[in-house]
Each structure stands twice: as structure tokens, then as C-alpha cells.
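Residue numbers (our numbering): 43 to 562.
Quick reminder that beta carbons are idealized off the backbone N, C-alpha and C, glycines included.
Note sheet for the following structure.
This is the structure:
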């Protein structure tokens, strides 16, 4: 049903001209009057398409430097009138108002300007807060039973095709509802970012007083932590596209993604110039090694804890070759991760139909960490690496040797990825013992040593790292008794001086770090 004059309109007000010419021509060929704001009209004129300015249609010129141009009853009545309500349609006809069947609108680029110099100037940023655009597109989305609300040029072709062809009411409504959801999602995201920005003006906190994310479902997962728990994977609207990809294997589960994420955190710590293999199990490294080749690194990583690496996640920091792939297949793994796989390696790994093969981009950054707790949410910056051991204070009389320094850095970095209380033991670029998640630090020490001895690792000359300070001297005494000759730990305990005295008595090189690395 149309208004008395029989004309229908499409409202076009966009700054992104992608696909606009084709879309406008399609709408024009279908008999729509193209209502446009000045910038869009100028573009359409340049490509030979006739349109009608909103101010010409409404009889109201833009005022207040363009702050008011589309906030007019002839625009919003055309968007909001219910086509199945005879009284609504009669009012449109009586007032000479065209029903607007399509609304293609872009919002002002507030979010885009958050990463520009404009973000330093709240008075400038306020001008990027859109009023007319959100009002129009919200009205169109509210009345999506009758209107196509379009904010994404990627949807132009589909809308035009549906307008050209007769489709079922259900098919048309499904598209219009999907477009409306996209609109409401974008409006929620835009409004949240505006609130976050202005709540932080004049504040010195690392996080704004108002915070949050708008989440959009990406995929279903096989199940949650346990098979009876449903789980899905969401991403924050507006966040960069993830640069990881699953190349092969069965559907991911909740636990798979947690292990994948944990493996990425570790492997990205190592430069691609140093061949590195890491094996993760239940969010903890159970194997890790550096070597002259990726194949040797994997062999060493597997030897760290031969019992635990079965069913783990294997991560590499270099392209996987056929030889490495053959070694991966010697044992069962849930996931194998690398920046890339050569064709021969892929062919070998794909013989295992369930093995999940995944790639990642080492340059992809991380945002703040968010966890639900106590009916609210905890936010923190990610733990973005450990201190450089070579630059730290050696508090013992004996300084670490060159090899001990290398191993201390290796153990220190891995320790930051182990669940607290955490102890890692390393020797010659290989993880040989891990004590994770124990209730006392010396328990973690004893667990790490027990695992190392169980797998017959030679601990003479090995080094150890602790994610937090030693509250007593017992940990250093226990480590030294088994051959550990160098230790790194944060300082800050009341008995630090006792720990230093113990290290000197046992000829252990002791390095104190200013950073702690709890991981709960």
C-alpha cells in the first residue's frame, strides 16, 4: 500500500560510497524516488543519477550548521508508518508524505576517530556524535516489517535483488529482520563507545568508568567444559577480525579454544628466528623447547613430560614441514598450531580426520582480559611479558653463567604461563619440570622436581623460576638439593634476606625480579 500520490521513496544518506551507484540505479529503475542528503546527492549527480534533496522534500532547509536536516515528520512518518494500518497510510496520503521503503544510512565516524588525533579533543569528538543518522536508521529498524534498514554496503545487492523479485512474506521478513538486528547492534556498539569515551574525559584511570562490549556470536562449539554444558564462541563487535584460522579437523569445543588461546600466549613469546615447540595441556605447558630446527625442538618438547603430552596442543613458531608433521603424528594431539604449514605437511596431518590444524598471525595483539566474578566483571590488562633476566639484580654472591642466564630467561617466561603457584625447571633450552596450581610454593617445587626425576631428567646445572616470591627458604633448599644451580623469583618477601643467605650458602645464583606473574 502506498500514499495517495502513489510514489515510494528510498532514503540514501551515506558517507561510504561503496556500491552506492549500483544500488541507487537499481532503486531508480524500480521507480523509487531517491531522497538524499547533500553529500550523497552530489555524488549521485556526478554519476548521472537524479535524486531529491531531503530539504527540498520537507521544505525545511538544513539549520544549525547541519545539526538538523533529517529530523522532520515527513521523513520519520515515512519510515514509521505501518503499511498494514489503513489509518497510518491515510495520514501519509493526506499529508503528502511518501512511505520510505528503504533507508540506507551510515553513521558519523565517531568510533573510527577514537584512534586519531581528534580523540585528544572532546569538543571535536562531540561533533562526531550522530543524531539524525541513528534516529532514521532506528526508525527504519523498528518498522522493519515494512522497511529495509541498510547500514552495510555488503547488503545492497541482496536488498535490490529482493525488491526486483517476488518472494514470500517469510523470506522478505527474514532479511529485513536480519538487517534490523544489524542496525540495533551497531547502534548499541556506537552508543557504548561514546559513553566510554566521554566517561573517561578528565579521568586518569587506565580503564574508563563505563566499560563493556557488545558481543556477536561467531560459531557454535561442540560443548562446554563438560559435554552436558552448551557453549558458543562470541566476538566483540568492532574488534579486528581474528587472524587465526582452522584449516582442518572436527569442530572446536570450549576447552579446545581455551587451550588454543593458552598455547598462542606462550608461542608468541618466542621470536620466529628461534625454532620453538610448545605443548600445552589443560592451560599449562607440559613441554617446551628451543633448538636449531623445529623438528629437534619438537623432539625435545616431547621428552619434557612423555606421559602428559598425549592429547595436548602443539604450537610452533615457524612453518611446519613434512618432517615435523610426521613427528607430530607419532603421538595423539588434539590441535597443532603454526604460522603456516607447507603443502606436504598439510597432506600428512590431514590424514588424521579429527586433528585440528590451525594457523595464527604472530602480530595479532590482545585486548584487556574480562572475567565474570561475584556477580560482576573483573577487567585487567594482559600480562604482557616478563622482565629481561640479564638486566636484573643478581642478589647472590655467585652470578649466573651465560647458559644459566639463557635458561633462566626461558624458565621465567614459561613460568608466567603456568597456573599459580608456579615453578618451572629448565635446562639447555628445554623445560624439564613444572609445578602448577599447588596451595603452597614448596609443594609446587616438590611437584616440579618429582616430575623431572620421574622422567629421568638430569637436573645438575638446571635452573628454576618462581612466579612469586619465596616466603621461606625451604624452596631454594629443596631445589639446590636436587642440583638446581640458578633461580629467579620476584622479591618482596619478609625473609628475602634469609633466602639470599641460603642461596649463598648453597652456591646458588639468585636473581630477584621486580615483576610477579600469578596466573589464576
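- Taking residue 96 as reference, the option from 85, 111 and 84 with the minimal CA-CA separation is 111.
- Counting only runs of 3+ residues, the beta strand (DSSP E) found wholly inside the region 353-403 occupies 354-358, 375-380 and 398-401, in chain order.
- Put simply, of 390, 347, 350 and 357 the residue whose alpha carbon is nearest the alpha carbon of residue 364 is 390.
- By the C-beta criterion, the region 51-58 is judged to be in contact with the region 70-80, since at least 3 inter-stretch pairs fall below 8 Å.
- Listed in chain order, the non-local C-beta contacts of residue 410 below 8 Å within the same chain comprise 249, 421, 422, 423 and 424, local neighbours out to five positions each way being set aside.
- With a cutoff of 8 Å on beta-carbon distance, residue 542 and residue 529 are scored as not near each other.
- Put simply, the backbone Cα of residue 285 is about 7 Å away from that of residue 406.
- Residue environment analysis places residue 164 among the exposed positions, since fewer than 16 neighbouring C-beta atoms fall within 10 angstroms of its C-beta.
- Closest option to residue 102, judged by alpha-carbon separation, among 172, 344, 116 and 169: 116.
- The region 365-373 makes no contact with the region 251-258; the number of CB pairs closer than 8 Å stays below 3.
- Distance between residue 554 and residue 507, taken at the CA atoms: about 10 Å.
- Counting along the chain, the unbroken alpha helix (DSSP H) around residue 306 starts and ends at 296-309.
- By the C-beta criterion, the region 151-171 is judged not to be in contact with the region 209-216, since fewer than 3 inter-stretch pairs fall below 8 Å.
- Looking at the DSSP output, residue 422 bridges to 411.
- According to the DSSP secondary-structure assignment, residue 191 is paired through a beta bridge with 145.
- The beta strand (DSSP E) runs lying completely inside the region 169-256 and spanning 3 residues or more are 190-192, given in chain order.
- Between residue 147 and residue 175, the CB-CB gap stays under 8 Å.
- In the pairwise beta carbon analysis, the region 458-472 is classified as touching the region 315-335: at least three pairs are separated by under 8 Å.
- Rounded to the nearest angstrom, the gap between the Cα atoms of residue 262 and residue 172 is 35 Å.
- Looking at the backbone, the Cα of residue 551 and that of residue 446 are separated by about 9 Å.
- Take residue 307, set aside five residues on each side of it, and the residues of its chain with a beta-carbon closer than 7 Å to its own are 459, in chain order.
- 8 Å or more divides the Cβ of residue 473 from the Cβ of residue 489.
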